[in-house]
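Numbering (this note's numbering), first residue to last: 4 to 67.
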C-alpha cells in the first residue's frame, strides 16, 4: 500500500501457480474461473471474488 501520482495504491499478490496472459486479461470478469475442471462441490469458488473487488474499487473512483 502506498501512493503514486496523488493516488492511493493497493497491490495484491497471490502465491498460486500464476496466470497466462489470456487468463490475466479475464480474471476480473464475473464467474470467470481459470480451472474449469474444478467444481463448487469439490471446494472450487464461483469466480466472483476478483469481480467483486474490482466493482468495489471502481465504485470508489478507482481503477485497475
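All C-beta atoms, glycine included, are put in the ideal place defined by N, C-alpha and C.
Item: Determine the DSSP secondary structure at residue 28, reduced to helix, strand or coil.; Value: helix
Item: For the beta strand (DSSP E) containing residue 7, list its first residue and its last residue.; Value: 5-7
Item: Distance, Cα to Cα, residue 55 vs residue 26?; Value: 17 Å
Item: What I want to know is whether the C-beta of residue 26 ends up closer than 8 Å to one or more non-hydrogen atoms of the ligand SAM.; Value: You won't find the ligand SAM in this model; it holds no ligand whatsoever.
Item: Between which two residues does the alpha helix (DSSP H) holding residue 60 run?; Value: 52-62
Item: Check residue 11 in the structure and name its three-state DSSP category.; Value: strand
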